[in-house]
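The block underneath contains the structure these notes are about, expressed in structure tokens.
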Amino acid sequence: MAKRKNNNLNMGEALQAFIKANKLEKGMDRVNVKEAWVKQMGNGVNNYTTGVELRNETLFVSLSSSVLREELSHGKSKIVTMLNEELGKELIKKLVLR
241 MAKRKNNNLN MGEALQAFIK ANKLEKGMDR VNVKEAWVKQ MGNGVNNYTT GVELRNETLF
301 VSLSSSVLRE ELSHGKSKIV TMLNEELGKE LIKKLVLR
């Protein structure tokens, strides 16, 4: 009987290998950006957020409140920095609030 190779991977490593092998990084990044927005911005902002979309290196955020949009526009660079830190890599270069 042939011996099995003992190539044990934990679940996280196996998922990362699968994602990389099937070139799913961009899709996962899009999902992770939405989760990071929800986590970093809190309930107050999320109640007025109608859409979060990452295209290339630009994050498009749709807001239902023009007042909130104006307030957030003053801290765009800080928001980009916070989100990139949460993601662990620099995915977002520009933030567009709509």
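No gaps in the numbering here: position 76 of the sequence shown is 316 in the numbering used here, and each next residue is one more.
Note that the Cβ used here is the ideal one computed from N, Cα and C, for glycine as well.
L249 sits exposed, since fewer than 16 C-beta atoms from the chains shown fall within 10 Å of its C-beta. As a beta-bridge residue in DSSP terms, R295 pairs with T298.
With fewer than 16 other Cβ atoms from the protein chains shown falling within 10 Å of its own Cβ, L255 counts as exposed.
By DSSP's assignment, K334 forms a beta bridge with T298.
Apart from sequence neighbours up to five positions away, the residues of its chain that approach T290 with a beta-carbon distance below 6 angstroms are S302 and S304, ordered along the chain.
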